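Residue 400 in my numbering is what sits at position 196 of the sequence shown, and the numbering runs on without skipping anything. Even glycine gets a Cβ: it sits at the ideal position worked out from N, Cα and C. Since the model is a prediction, treat every value here as computed from it, not as a measurement.
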Amino acid sequence: MFCCLRTCLNGNVHKPSVSVSRVKEPEIHLDASHMGADVILLSNSLRITGTGGALATAPLVQSKSYFEAKIQQRGNWSIGLATRRADLSRKQGGTDRESWCLCSDNLTRHNNEECEPVRKQPVPPNSSLFNESTAPGLIGIEDLNEDLLLTTGSLEALDNNLTNGLCHDSSNIADEGDVIGVAFDHIELNFYLNGNNLEVPFRNIKASTLFPVIYVGNGAIIDIILDNFLYPIPAGFERIMLEQSLL
Numbered sequence: 205m206f207c208c209l210r211t212c213l214n215g216n217v218h219k220p221s222v223s224v225s226r227v228k229e230p231e232i233h234l235d236a237s238h239m240g241a242d243v244i245l246l247s248n249s250l251r252i253t254g255t256g257g258a259l260a261t262a263p264l265v266q267s268k269s270y271f272e273a274k275i276q277q278r279g280n281w282s283i284g285l286a287t288r289r290a291d292l293s294r295k296q297g298g299t300d301r302e303s304w305c306l307c308s309d310n311l312t313r314h315n316n317e318e319c320e321p322v323r324k325q326p327v328p329p330n331s332s333l334f335n336e337s338t339a340p341g342l343i344g345i346e347d348l349n350e351d352l353l354l355t356t357g358s359l360e361a362l363d364n365n366l367t368n369g370l371c372h373d374s375s376n377i378a379d380e381g382d383v384i385g386v387a388f389d390h391i392e393l394n395f396y397l398n399g400n401n402l403e404v405p406f407r408n409i410k411a412s413t414l415f416p417v418i419y420v421g422n423g424a425i426i427d428i429i430l431d432n433f434l435y436p437i438p439a440g441f442e443r444i445m446l447e448q449s450l451l
């Protein structure tokens, strides 16, 4: 009897259905099949840490492409473009002929050559740095001379910087929370910091197929942003699209 009752109950008991919500994988992300052996991909392969580089899953096929990378944690990083022949075992990009990168030490690199340094905000000629300070808290030019003389040992370098309206800061151009934008139109590769063009372009890149690439090392954590950008896209550019989307 108990056996029969158990059979009847088992046949009529309805188990509550459990719905499992799955996060949809983004169309384009960092590519686990094209990354360094010591790279770690997280957050649906949109976050990179560890040591080495990773390409994105889609090449830049449209005429004007744009993506962003947000620095979540400082360290060594390089952001830019590369072919699938690039050496992704290294923690710095631009060290071979197959990658073109902006690096965390304020330099752009390609083929292991330091192409152009990134400078901090230019100092305009009418800045208070060029005039005697009378207001409390402002730095007078005589104080600036004395401070820089102690660090550089020469006023000649200071005079050159002031004449050119530039004051180079050797600290990293970007810090945690900053966003690097990358715009490519098959003529120029430009980099942006928080929406501002850094004016250090690569020109006439000769490569048939290029992918977004991010290299990390020394604890750096970087997120690649492929849509819902944090800063306005440069005029005429758009997010990276899959090749079939262009048909």
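- Do you know offhand how far residue 442's Cα is from residue 264's? 11 Å
- Which value, in whole angstroms, describes the spacing of the CA atoms of residue 412 and residue 290? 13 Å
- Candidates 250, 407, 273, 246: which alpha carbon is nearest residue 434's? 273
- residue 317 by DSSP, collapsed to three states: which one? strand
- Task: Identify, in the order they occur along the chain, each residue of the same chain with its Cβ nearer than 6 Å to the Cβ of residue 270, setting aside the five sequence neighbours on each side.
- Result: 387, 437, 441
- Query: Mapping DSSP to helix, strand and coil, what is residue 447?
  - Reply: helix
- Query: Would you call residue 403 buried or exposed, if buried means 16 or more other Cβ atoms sit within 10 Å of its Cβ?
  - Reply: exposed
- Message: Considering only the alpha carbon of each residue, which of 389, 445, 397, 308 lies closest to residue 295?
- Response: 308
- Pull up the CB-CB distance for residue 278 and residue 376, whole angstroms please, since I reckon it's below 8 Å. 7 Å
- Through-space distance from residue 267 to residue 428, alpha-carbon basis: 20 Å
- Determine the burial state of residue 237: buried for a count of at least 16 other Cβ atoms within 10 Å of its Cβ, exposed for fewer. exposed
- Query: With burial defined as no fewer than 16 other Cβ atoms inside 10 Å of the residue's Cβ, what is the status of residue 235: buried or exposed?
  - Reply: buried
- Message: With H, G and I counted as helix, E and B as strand and the rest as coil, what does DSSP make of residue 435?
- Response: coil
- Would you mind reading off the limits of the beta strand (DSSP E) that contains residue 235? 234–239
- DSSP beta-bridge partners of residue 260: 234
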